[in-house]
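Q:
Protein chains: 2
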Amino acid sequence: MTLTRDEDPSDGPERKSYRIEAVARALSVLETLGERPDQTLTALASDLGMTKSIVFRLLQTLEERGFVQRDSQRATFALGYRMSVLGERVGRNGALLQVAPAIMDALRDKTGENVNLIVREGLHALALATREGFHSIRIFAQSGRRGPLYAGGGSTLLLAFADPAVQERVLAGPLETFTPHTVTHPDKLREILQRIHTKGYHVALNDLDDGAFSVAAPIRGVGGDVIASLSLAGASVRLDEARRDSYIEEVLKSAAEISAKMCFA
Amino acid sequence: MTLTRDEDPSDGPERKSYRIEAVARALSVLETLGERPDQTLTALASDLGMTKSIVFRLLQTLEERGFVQRDSQRATFALGYRMSVLGERVGRNGALLQVAPAIMDALRDKTGENVNLIVREGLHALALATREGFHSIRIFAQSGRRGPLYAGGGSTLLLAFADPAVQERVLAGPLETFTPHTVTHPDKLREILQRIHTKGYHVALNDLDDGAFSVAAPIRGVGGDVIASLSLAGASVRLDEARRDSYIEEVLKSAAEISAKMCFA
DNA sequence: ATCATTTGTTTCACTGAGTAAAACACAAAA
DNA sequence: TTTTGTGTTTTACTCAGTGAAACAAATGAT
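Heads up: the protein sequence lines correspond to chains L and E, in order. If you read the first sequence in the working numbering, its first letter stands for residue 97, the second for the next number, and so on. If you read the second sequence in the working numbering, its first letter stands for residue 97, the second for the next number, and so on.
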């Protein structure tokens, strides 16, 4: 038999996997080098639980193609330029769009509210993906839609974690009033951004759409920077104190899940 | 015998390669998907000259690990989020630093002049790597050094290909006078930038260091954007007309070589 | 409807590629 | 010196990877 068993032997009778072991091992090498670069051959081998011979030949193959590179003294290994080139093809947003949907679906199912995945693009917020809740009065979100950075839960959170230069340019620019609750006073906004930054999440109320709340949490990328926000949005009337707390918890948890995938589990 | 022969049979007697074929094939799949995404299984197979079975199992393995992803209808394949995540670890500059040195060395050896690899960082130029020429009166360059964007061959070229917003912020800011030949008049600078943009290269004379020339060409990345500049620099007195022309040609060629590696050969 | 093609998937027997272990050369430290 | 480490190379065994061919499910042409 040429097929290897599934890694999980519990799921029923005789599932087969078409995984090809040598390739899987090579991928493990790449991931390990991603987590801890500049490792020596033997370090890698023991780290991966493989023999030196194997790791040696895997590295040799990966190096031939530029997926791995040795340092100048040929002593340690790290990821190669081809990873960067190919990775750029996917892009950070592409990666988010592959990782987030499943988690967004789960969050929507658990809460019944709208779920938004938002990134910053220059001085605006861009909805990368959305899930419509069940009770859903239709709100803001539509994937591909651009919005302001200074109103709305997810957007404001992105602003809070953005470069100070970006913050100032937004605060300097014209601040449109969307609802009676939109905050347009720069100092008041600065205060809010500061609070978001320290608390690590944000609850916005009626500031973009009147009658709508939005509970947002940050998604972090490789360097630890905030690269996107995940938010729950719905009708303000439904946001009693208990829901507020549980929503915060759920959004934080889901955002952390996405972060984990984006920088390594 | 378990070792496969080297791909080049010409280099002497019986060289062996430790390449492991299954892994090499997997890498080929990744590169092909990088060049032409959203391909179907059979298209990939014929494209790569491999059996459907093989490609199927390679893809399955790569997909299990997130290096490849299928679209929603499970019909076509593309690179997965893990490529993006791992690629970010290397970074664009990291990739340049792996690719450029060999080509920079060759260019230095051929011309005997200083060679600089420069990227833009915000409103400044950053020398990623440099090679000292043979005649070399010591000039500007030192790797890791930050400089202005509006003077020096490589820097000005980067400015010429930068976002208009960036150009304006540089032109608005204070423009220091480095030599009698430094151009500090915004309109004159705009004109120069325009000319660089259309010609696709730049020759700077005595504008940053008095008595020094700099011949620069753009390096392009995945999207076709200019991500860095490669430049030859030396003493102005040596730059007669013949050298000027051949230097332009050589820099353009070397820069193109790097570009090719950065976006696919 | 029926047939013809094409897709992705699965099977299977053969064998040579991938593997582990052990030997190797070299360098740095003890 | 010897020791202990490194990366590299060799080896024999065997099972993982392979190609060919069969397969079901779509899709399109007749």
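We put the CB at the ideal spot given by N, CA and C, even for glycine.
So, do the region 310-330 of chain L and the region 200-218 of chain L have three or more beta carbon pairs nearer to each other than 8 Å?
A: With a cut-off of 8 Å, the region 200-218 of chain L and the region 310-330 of chain L count as touching, because enough Cβ pairs lie within range.
Q: Beta carbons nearer than 7 Å to chain L: which residues of the region 181-193 of chain E have them?
A: Answer set for the region 181-193 of chain E: 181, 182, 183, 184, 185, 186, 187, 188, 190 and 191.
Q: Do residue 244(E) and residue 277(E) have their C-beta atoms closer together than 9 Å?
A: Locating residue 244(E) in the second sequence gives position 148, where the first residue counts as 1. Locating residue 277(E) in the second sequence gives position 181, where the first residue counts as 1. Against a cut-off of 9 Å, the Cβ pair of residue 277(E) and residue 244(E) comes out as no contact.
Q: Between residue 148(L) and the rest of its own chain, which residues show a CB-CB distance below 8 Å, the 5 nearest in sequence each way excluded?
A: The residue labelled residue 148(L) in the question sits at position 52 within the first sequence. Cβ neighbours of residue 148(L) beyond the five flanking positions: 137, 138 and 141.
Q: Judging by CA-CA distance, which residue of 152(L), 124(L), 135(L) and 113(L) is the nearest neighbour of residue 113(E)?
A: Position 17 of the second sequence, counted from the first residue, corresponds to residue 113(E). Out of 152(L), 124(L), 135(L) and 113(L), 152(L) has the C-alpha closest to the C-alpha of residue 113(E).
Q: List the residues of chain E whose Cβ lies closer than 7 Å to the Cβ of residue 160(L), in chain order.
A: As a first step, residue 160(L) must be located in the first sequence, where it is residue number 64. Those within 7 Å of residue 160(L) in chain E are 115.
Q: Just to make sure I have the definition right: I need the residues of chain E whose C-beta is within less than 9 Å of the C-beta of residue 177(L). Which are they?
A: By one-based count along the first sequence, residue 177(L) stands at place 81. Those within 9 Å of residue 177(L) in chain E are 186, 190, 191, 192, 193, 194, 195, 357 and 358.
Q: Closest to residue 227(E) by C-alpha separation, out of 216(E), 215(E), 251(E) and 202(E), would be which residue?
A: Here residue 227(E) refers to the residue found at position 131 when the second sequence is read from its first residue. Among 216(E), 215(E), 251(E) and 202(E), the Cα nearest to that of residue 227(E) belongs to 202(E).
Q: Please state whether DSSP places residue 318(E) in a helix, a strand or coil.
A: Sequence index remark: in the second sequence, residue 318(E) carries index 222 (1-based). Reduced to three states, the DSSP call for residue 318(E) is coil.
Q: Using a Cβ-Cβ cut-off of 9 Å, state whether residue 133(L) counts as contacting chain E.
A: Looking up residue 133(L) in the first sequence gives position 37. Taking Cβ atoms only, chain E reaches closer than 9 Å to residue 133(L), which makes this a yes.
Q: Check for me: the alpha helix (DSSP H) holding residue 263(L) runs from which residue to which?
A: Position 167 of the first sequence, counted from the first residue, corresponds to residue 263(L). It spans 260-268 - the alpha helix (DSSP H) in which residue 263(L) sits, taken as one unbroken run.
Q: If the cut is a Cβ gap below 7 Å, which residues of chain E does residue 123(L) touch?
A: Position 27 of the first sequence holds residue 123(L). Near residue 123(L) (Cβ distances below 7 Å), the residues of chain E are 161 and 163.
Q: Return helix, strand or coil for residue 249(E), following the three-state DSSP convention.
A: As a first step, residue 249(E) is located in the second sequence; it is residue number 153 there, counting from the start. DSSP places residue 249(E) in helix when its eight states are reduced to three.
Q: Label residue 308(E) either buried or exposed according to how many other C-beta atoms from any shown protein chain fall within 10 Å of its C-beta, with 16 as the threshold for buried.
A: As a position in the second sequence, residue 308(E) is number 212, starting the count at 1. Burial call: buried.
Q: Based on DSSP bridge pairs, tell me the residues matched to residue 212(E).
A: For this step, residue 212(E) is matched to residue 116 along the second sequence. In DSSP, residue 212(E) forms a bridge with 226(E) and 327(E).
Q: Work out the CA separation of residue 290(E) and residue 260(E) for me, nearest whole Å.
A: Taking the second sequence and counting its residues from 1, one reaches residue 260(E) at position 164. Taking the second sequence and counting its residues from 1, one reaches residue 290(E) at position 194. When rounded, the distance between both Cα atoms is 11 Å.
Q: Going along chain L, which residues have a C-beta under 8 Å from residue 318(E)?
A: Within the second sequence, residue 318(E) is the residue found at index 222, counting from 1. Here the neighbours are 181, 184 and 185.
Q: Against chain L, does residue 126(E) count as a neighbour if the rule is that its beta carbon must be under 9 Å from one of theirs?
A: Along the second sequence, read from residue 1 onward, the residue named residue 126(E) stands at position 30. Answer yes: the Cβ-Cβ gap between residue 126(E) and chain L drops below 9 Å somewhere.
Q: Taking CB distances under 9 Å as the criterion, tell me whether residue 216(L) reaches chain E.
A: The count along the first sequence starts at 1 and reaches residue 216(L) at position 120. No, its Cβ sits nowhere closer than 9 Å to a Cβ of chain E.
Q: Please classify residue 170(L): does DSSP put it in a helix, a strand, or coil?
A: The residue given as residue 170(L) occupies position 74 in the first sequence. Coil at residue 170(L), not helix or strand.
Q: Assuming residue 191(L) contacts residue 157(E) (C-beta within less than 8 Å), just tell me the rounded distance between them.
A: Residue numbering aside, residue 191(L) sits at position 95 when the first sequence is read from its first letter. Residue numbering aside, residue 157(E) sits at position 61 when the second sequence is read from its first letter. Rounded, the Cβ-Cβ distance is 19 Å, inconsistent with contact.
Q: My output table needs one value for residue 114(E): the three-state DSSP class, helix, strand or coil.
A: The residue labelled residue 114(E) in the question sits at position 18 within the second sequence. Here residue 114(E) sits in coil by DSSP.
Q: So, with DSSP's three-state summary, where would you put residue 60(E)?
A: The structure shown does not extend to residue 60(E), since chain E spans only 97 to 361, so no value can be given for it.
Q: Using the three-state DSSP reduction, which class does residue 152(L) fall into: helix, strand or coil?
A: Indexing the first sequence from 1 puts residue 152(L) at position 56. In the structure shown, residue 152(L) sits in a helix (DSSP, three-state: H, G or I).
Q: Based on DSSP bridge pairs, tell me the residues matched to residue 243(E).
A: Stepping through the second sequence from its first residue, residue 243(E) is reached at position 147. Answer by DSSP bridge pairing, in chain order: 221(E).
Q: Quick one: list the residues of chain L neighbouring residue 130(E), beta-carbon separation under 8 Å, in chain order.
A: Taking the second sequence and counting its residues from 1, one reaches residue 130(E) at position 34. What residue 130(E) touches in chain L: 181, 182 and 185.
Q: Could you tell me whether the Cβ of residue 152(E) comes closer than 9 Å to any Cβ of chain L?
A: The sequence position of residue 152(E) within the second sequence is 56, counting from 1. True, the Cβ-Cβ gap to chain L drops below 9 Å.
Q: Run through DSSP, which three-state label would residue 299(L) get?
A: Translated into positions along the first sequence, residue 299(L) becomes position 203. Residue 299(L) falls in the strand class under three-state DSSP.
Q: Straight-line CA distance for residue 316(L) to residue 359(L)?
A: Counting from one through the first sequence, the residue named residue 316(L) turns up at place 220. Counting from one through the first sequence, the residue named residue 359(L) turns up at place 263. Distance between the alpha carbons of residue 316(L) and residue 359(L) is about 8 Å.
Q: Under the rule that 16 or more other beta-carbon atoms within 10 Å means buried, what is residue 188(L), buried or exposed?
A: Within the first sequence, numbered from 1, the residue matching residue 188(L) stands at position 92. Burial call: buried.
Q: Sort out for me which residues DSSP pairs residue 175(E) with in a bridge.
A: As a first step, residue 175(E) must be located in the second sequence, where it is residue number 79. Per DSSP, 164(E).
Q: So what does residue 135(L) bridge to, in DSSP terms?
A: Position 39 of the first sequence, counted from the first residue, corresponds to residue 135(L). Answer is 173(L).
Q: Measuring only the C-alpha atoms, how far is residue 349(E) from residue 325(E)?
A: Stepping through the second sequence from its first residue, residue 349(E) is reached at position 253. Stepping through the second sequence from its first residue, residue 325(E) is reached at position 229. The alpha-carbon atoms of residue 349(E) and residue 325(E) are separated by roughly 12 Å.
Q: What's the C-alpha gap between residue 223(E) and residue 239(E)?
A: Looking up residue 223(E) in the second sequence gives position 127. Looking up residue 239(E) in the second sequence gives position 143. One C-alpha to the other measures close to 5 Å.
Q: Could you check which residue in 357(E), 311(E), 319(E) and 320(E) has the C-alpha nearest to that of residue 335(E)?
A: In the second sequence, residue 335(E) corresponds to position 239, counting from 1. Among 357(E), 311(E), 319(E) and 320(E), the Cα nearest to that of residue 335(E) is on 311(E).
Q: Would a C-beta distance cut-off of 9 Å place residue 298(L) and residue 252(L) closer than the cut-off?
A: Taking the first sequence and counting its residues from 1, the one referred to as residue 298(L) is at position 202. Taking the first sequence and counting its residues from 1, the one referred to as residue 252(L) is at position 156. Cβ atoms of residue 298(L) and residue 252(L): closer than 9 Å.
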